[in-house]
Structure formats: structure tokens, C-alpha cells
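The sequence shown: position 264 = 264 (the UniProt record's numbering), numbered continuously.
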Amino acid sequence: MQIITGHISPKVSSSGDDATWVTWKMALTIALPICAICVIVMVIYHIHMTKRRPARHFPDDSLEAPDRPILGGVTIRDMLEMTTSGSGSDNGTWTQLWLITDYHEKGSLFDYLNRSTVDTNGMIRMALSIATGLAHLHMEIVGTQGKPAIAHRDLKSKNILVKTNGTCAIGDLGLAVRHDVITDTVDIQLNNRVGTKRYMAPEVLEETINMNHFDSFKRADVYALGLILWEIARRCNVGGIHDEYQLPFYDLVPSDPTIEEMRKVVCIDRQRPSIPNRWQSIEALQVMSKVMKECWYHNAAARLTALRIKKSLANYGAMEDLK
């Protein structure tokens with residue numbers, strides 16, 4: 001997969017249906033292998049009163065769009081918002097599918113934490129917004145503006161974007177699954193071990209996850225959330241003291257670990273990211289430590305729910321008059 005950046009200009013059609021059509025020209029030189037390939041073009045352009053929004057473009061019948069409209073058009077504050085979508089033809093040989101989403105110039109949480117630290121308020125603000133987004137994702141909402149319950153299945157710091165106000169938005173639902181409450185089924189393919197290996201829950205690594213039980217996928221999301229909270233907490237600057245950014249298990253596995261390497265560390269040795277002793281002397285970090293530990297229990301059923309995490313962090317934030 002190749003990611004290319006470019007620029008496009010919006011043109012509004014006068015066809016009477018108020019549709020917004022985007023025309024663009026971009027020179028691409030891509031060596032295509034014989035097998036099918038998905039080329040994603042990430043572009044940034046001015047639209048809707050010059051507000052920048054990135055557009056993602058996918059060839060038809062090769063790979064389902066990572067941010068497909070799984071939410072049914074519902075706007076969620078702590079999820080990456082999809083503004084619109086559309087399709088068109090490049091040269092008649094394949095169809096282009098477009099998703100236009102909000103643009104967050106601070107980039108991913110992974111990038112942000114690599115270059116910046118946060119104070120205790122900023123840490124809780126980030127953690128609470130992620131937990132809020134995940135709780136909303138996991139929840140079924142009925143009504144005309146409703147949505148099905150959804151599990152992300154690839155939650156990680158690279159799939160979370162940082163907004164200008166310091167809160168976060170969850171993005172990339174390419175592996176997400178929906179729960180059909182009427183039939184009590186999950187719309188999932190046969191492969192039950194997907195996602196980023198470093199963030200896989202024990203039951204995913206061991207392939208013991210119950211594929212027919214939607215709560216199993218929510219619990220795997222919570223495990224990954226616990227690791228993300230640890231990433232944020234390491235960058236919390238208190239009195240000039242903070243840790244350098246590291247990925248979870250950085251000291252236990254190589255940069256691109258195999259399933260077997262992760263399974264040994266997480267499932268056999270039952271290791272988790274280390275928590276510095278100094279965190280226990282700082283109330284905000286103590287709260288974060290307690291939450292993350294309850295996210296990565298080996299027994300999935302013992303983990304907190306995203307809603308419980310949201311409430312715990314919100315309660316602490318309220319006590320500290322977090323705004």
C-alpha cells in the first residue's frame with residue numbers, strides 16, 4: 001500500500017441535488033504488481049468555508065475503506081468525523097471511493113506523544129476523551145439517529161488523532177465489527193486474529209476469543225485502551241520529570257514483534273508494561289495506573305468496561321475541576 005499526498009480543489013455542482021463534487025489532477029507513478037493492490041491517496045484541501053479536511057480514496061473491489069460509514073452518519077465528538085463520501089471513475093477501469101473527514105493538524109496520538117509532553121490535566125483530558133469515544137462506539141443507540149454497537153479491533157495510538165483543544169478522536173474503523181442486536185450476531189470474517197500484534201489482547205493472541213460473543217471484542221478493545229493510557233501517562237510531565245515516549249512492551253519485544261513473541265510475553269509470562277513507583281505519589285498518575293491495570297487483566301471478563309473507565313476518569317476530572 002502506498003500513501004501519497006497532494007492537493008485538490010473543490011467544485012460545487014449545479015445539478016440541483018446540492019452534491020459537492022471534487023475534481024483533481026495528480027501525477028502518480030505507481031508500479032503495480034500483478035496481484036491486486038489498494039492505493040490510498042491522502043489529500044488535504046479547503047472546503048466548507050476554507051476548513052481543511054482530508055479525503056481518502058480507494059479503488060473499488062480491492063479493500064473496504066478503513067473509515068467506512070459504519071456509524072450511519074452519526075456525529076460523535078470523540079470519533080473522527082466523516083463529513084461526506086462519494087465515488088467517481090478515474091479512467092473507466094476502476095471506481096474511486098472517497099471519504100472526507102475532519103483534519104487534525106496535531107496528527108496521531110503516537111506522533112504527538114513522541115514530540116510533546118502533557119501535564120496532569122492534559123493527560124486526564126486525553127484519556128477521558130478516548131474512553132468516551134470508545135464507550136460511545138461500544139454502545140447501541142436506538143432511534144432515528146441511532147447506531148449499532150461497534151467494536152474497533154485495532155485500537156492503538158496511531159489510530160487516534162489529537163485535536164487542537166488537547167482531546168482525542170478515535171479513527172480508522174477498517175477492522176471494526178457491528179453487533180446485530182436482533183439476531184445477536186457479529187458481522188465478522190473468519191479471521192479472528194487481526195489488528196496490531198503489540199496491542200492484541202491475550203485471548204486474541206491465543207485465538208481463544210469467542211467470535212460469537214460481541215462482548216469479547218469490546219473487552220479486547222479495553223485491553224488495548226489500557227496500553228494507550230500507559231503511553232500517555234509516560235509523557236506526563238510533573239515537576240519537570242517525565243519518561244521518554246515508548247511503545248508498550250518496548251523493553252520485551254523487538255520493534256516488529258511476531259505473534260509468537262507477543263504470545264510468550266503476554267500470555268505465557270503474563271507480563272505487562274512496567275509502572276514506575278513515582279506514579280504512586282502523584283494522584284492523577286495513581287488514578288491512571290489503577291485504571292490501566294484493570295484494563296489488561298488476563299481474564300477478559302474481569303476487565304473494566306469502556307463506560308466504567310469513562311466514569312472513573314470523569315469523576316476524577318470533576319474533582320480536579322478539569323475543563
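Every residue, glycine too, gets a C-beta built ideally from N, C-alpha and C.
So within the segment 234-308, which uninterrupted alpha helix (DSSP H) runs reach at least 4 residues, ignoring any that extend past its ends?
For the segment 234-308, whole alpha helix (DSSP H) runs of length 4 or above, ordered along the chain, are 259-263, 283-295.
Rounded to whole angstroms, what is the Cα-Cα separation between GLU64 and GLY174?
In the sequence shown, the residue the question calls residue 64 occupies position 64. In the sequence shown, the residue the question calls residue 174 occupies position 174. At GLU64, the pLDDT of 37 sits below 50, so the modelled position is not reliable and the matter cannot be decided from this model.
Put LYS106 into one of helix, strand or coil per three-state DSSP.
In the sequence shown, the residue the question calls residue 106 occupies position 106. LYS106: coil per DSSP, three-state reduction.
Indicate the three-state DSSP secondary structure (helix, strand or coil) for ILE170 in the structure shown.
By one-based count along the sequence shown, residue 170 stands at place 170. DSSP places ILE170 in strand when its eight states are reduced to three.
Considering only C-alpha positions, which residue in the set ILE188, TYR223, LEU205, LYS197 is nearest to MET211?
Taking the first residue of the sequence shown as position 1, residue 211 is located at position 211. Comparing Cα-Cα distances from MET211 to each of ILE188, TYR223, LEU205, LYS197, the minimum goes to ILE188.
Our contact map puts PRO273 next to LEU227 with C-beta atoms below 8 Å; I'd like the distance itself, whole angstroms only.
As a position in the sequence shown, residue 273 is number 273, starting the count at 1. As a position in the sequence shown, residue 227 is number 227, starting the count at 1. With 8 Å as the limit, PRO273 and LEU227 qualify as a contact, their Cβ atoms being about 7 Å apart.
Could you tell me whether the Cβ atoms of LYS314 and LEU128 are closer together than 8 Å?
Taking the first residue of the sequence shown as position 1, residue 314 is located at position 314. Taking the first residue of the sequence shown as position 1, residue 128 is located at position 128. Per the sequence presented here, residue 314 reads as Ala, with Lys not at that position. Yes, these two residues count as a Cβ contact at 8 Å.
Buried or exposed by the 16-neighbour rule on C-beta atoms within 10 Å, applied to GLU283
Walking along the sequence shown from the start, residue 283 turns up at place 283. Classification of GLU283: exposed, given that the 10 Å Cβ count is below 16.
Helix, strand or coil at HIS136 according to DSSP, with G and I counted as helix:
Here the question's residue 136 lines up with position 136 in the sequence shown. The three-state secondary structure of HIS136, taken from DSSP, is helix.
Among all the DSSP beta bridges, which residues are the ones paired with ILE160?
Residue mapping note: residue 160 aligns to position 160 of the sequence shown, counting from 1. DSSP output for ILE160 lists ILE170 as bridge partner(s).
For ARG219, which three-state DSSP category applies?
Start at 1 with the first residue of the sequence shown, and residue 219 comes out as number 219. ARG219 falls in the helix class under three-state DSSP.
Would you identify the three-state DSSP class for ASP187, choosing helix, strand or coil?
If you number the sequence shown from 1, residue 187 lands on position 187. Per DSSP, reduced to three states, the secondary structure at ASP187 is coil, with no helix or strand assignment.
With distances taken Cα to Cα, identify the nearest neighbour of TYR199 among ARG153, ALA300, LYS293, GLU294.
The residue labelled residue 199 in the question sits at position 199 within the sequence shown. For the residues ARG153, ALA300, LYS293, GLU294, the minimum Cα distance to TYR199 belongs to ARG153.
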